[in-house]
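So the protein lines, in turn, are chains D and E.
The first sequence begins at 1 in the numbering used here and counts up by one.
The second sequence begins at 1 in the numbering used here and counts up by one.
In this text, a Cβ means the ideal position worked out from N, Cα and C, and glycines have one as well.
Quick caveat: nothing in here was measured; it's all calculated off a predicted structure.
Below: one structure, written as structure tokens.
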Amino acid sequence: DAGITQSPRHKVTETGTPVTLRCHQTENHRYMYWYRQDPGHGLRLIHYSYGVKDTDKGEVSDGYSVSRSKTEDFLLTLESATSSQTSVYFCAIRTTDRAGSPLHFGNGTRLTVT
Amino acid sequence: DQQVKQNSPSLSVQEGRISILNCDYTNSMFDYFLWYKKYPAEGPTFLISISSIKDKNEDGRFTVFLNKSAKHLSLHIVPSQPGDSAVYFCAASERGGGADGLTFGKGTHLIIQP
Numbered sequence: 001d002a003g004i005t006q007s008p009r010h011k012v013t014e015t016g017t018p019v020t021l022r023c024h025q026t027e028n029h030r031y032m033y034w035y036r037q038d039p040g041h042g043l044r045l046i047h048y049s050y051g052v053k054d055t056d057k058g059e060v061s062d063g064y065s066v067s068r069s070k071t072e073d074f075l076l077t078l079e080s081a082t083s084s085q086t087s088v089y090f091c092a093i094r095t096t097d098r099a100g101s102p103l104h105f106g107n108g109t110r111l112t113v114t
Numbered sequence: 001d002q003q004v005k006q007n008s009p010s011l012s013v014q015e016g017r018i019s020i021l022n023c024d025y026t027n028s029m030f031d032y033f034l035w036y037k038k039y040p041a042e043g044p045t046f047l048i049s050i051s052s053i054k055d056k057n058e059d060g061r062f063t064v065f066l067n068k069s070a071k072h073l074s075l076h077i078v079p080s081q082p083g084d085s086a087v088y089f090c091a092a093s094e095r096g097g098g099a100d101g102l103t104f105g106k107g108t109h110l111i112i113q114p
């Protein structure tokens, strides 16, 4: 268990509303990631963080912002949700700096934008 | 353009037989390759990895083979068990450490038939 908690687990929201998803880790790992999973697309990287206040864009960052004010929390915000952002969102952490080390994932947040 | 390809959306194998899941990649800079297993309503869990300097890595019933010249890897599961029924994702990274994220394929749904 990598000690990752995602909240909420499920959310339904309306188009145009802001939404924030939270990822919390119980240990002070430096690297955190947000992915989305969609049928026919696998998992795609949205944003990642390499330390407090240090973040960068991934493959599908448009329409998303992130913040990391504490080591243990990584927030993903949809400023104005759209139906195309209906997806399952996974947070991940990397627990070592060793080359080839895997990412460890949380159990996801299922977001539906109506 | 998809850099990691899993061309079989699904695979059905009889219990006790060998399951072979395939993955192709296009990015010559990839140096580390990983396989993840995912059950419904859970996050992906890391199974096994291989670096580009090796052509085989084994862990219990799971073996990953890498053919770098063909840009192809495969995951062998022997013998297949009912609990192996899941979606399997192939993933790759260039440096494999630090902030480096993973690039995922679309996944293959493995179904183990009793």
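- Proximity of chain E to residue 103 of chain D at the Cβ level (cut-off 7 Å) is accounted for by 102, in chain order.
- Look at residue 64 of chain D: its C-beta is not under 8 Å from any C-beta on chain E.
- Taking C-beta separations shorter than 8 Å and ignoring five residues to either side along the sequence, the partners of residue 61 of chain D in its chain run 46, 47, following chain order.
- Bridge partners of residue 38 of chain D according to DSSP: D/42.
- Scanning the stretch 12-83 of chain D for uninterrupted beta strand (DSSP E) segments of 3 residues or longer gives 19-25, 31-38, 42-51, 54-57, 64-70, 73-78, listed from N- to C-terminal end.
- Counting along the chain, residue 81 of chain E sits inside no beta strand (DSSP E), nor does DSSP assign it H or E at all.
- Using a Cβ-Cβ cut-off of 7 Å, residue 41 of chain D is close to 106 of chain E, given in chain order.
- Identification of chain D residues near residue 32 of chain E by a Cβ-Cβ cut-off of 8 Å yields 99, 100, ordered along the chain.
- Assigned with DSSP and collapsed to three states, residue 85 of chain D falls in helix.
- Residue environment for residue 44 of chain E: buried (at least 16 other C-beta atoms within 10 angstroms of its C-beta).
- 41, 42, 43, 44, 45, 46, 49, 51: these are the residues of the stretch 41-60 of chain E whose beta carbon lies less than 8 Å from some beta carbon of chain D, given in chain order.
- Counting only residues of its own chain and dropping the five nearest sequence neighbours on each side, residue 108 of chain D has a CB closer than 7 Å to the CB of 6, 88, 89, 90.
- Look at the stretch 69-89 of chain E: the residues with a C-beta under 7 Å from a C-beta of chain D are 89.
- Of all residues in the stretch 75-98 of chain D, those with a C-beta nearer than 7 Å to a C-beta of chain E are 90, 97, 98, reading in chain order.
- Residue burial is scored here from C-beta neighbours: residue 13 of chain E has at least 16 other C-beta atoms within 10 angstroms and is therefore classed as buried.
- Here DSSP, grouped into helix, strand and coil, assigns residue 112 of chain D to strand.
- Spatial neighbours of residue 70 of chain D in its own chain (CB-CB distance under 8 Å, excluding positions within 5 residues in sequence) are listed in chain order as 52.
- For residue 28 of chain D, no chain E residue has a C-beta closer than 9 Å to its own C-beta; the minimum C-beta separation is roughly 16 Å.
- Collapsing the DSSP output to three states places residue 102 of chain E in coil.
- Nearest in C-alpha terms to residue 41 of chain D, of all of D/74, D/78, D/59, is D/59.
- Under the 10 Å beta carbon count, residue 106 of chain E is surrounded by 16 or more other beta carbons and is classified as buried.
- The shortest CA-to-CA distance from residue 46 of chain E to any of E/23, E/62, E/54, E/3 is the one to E/62.
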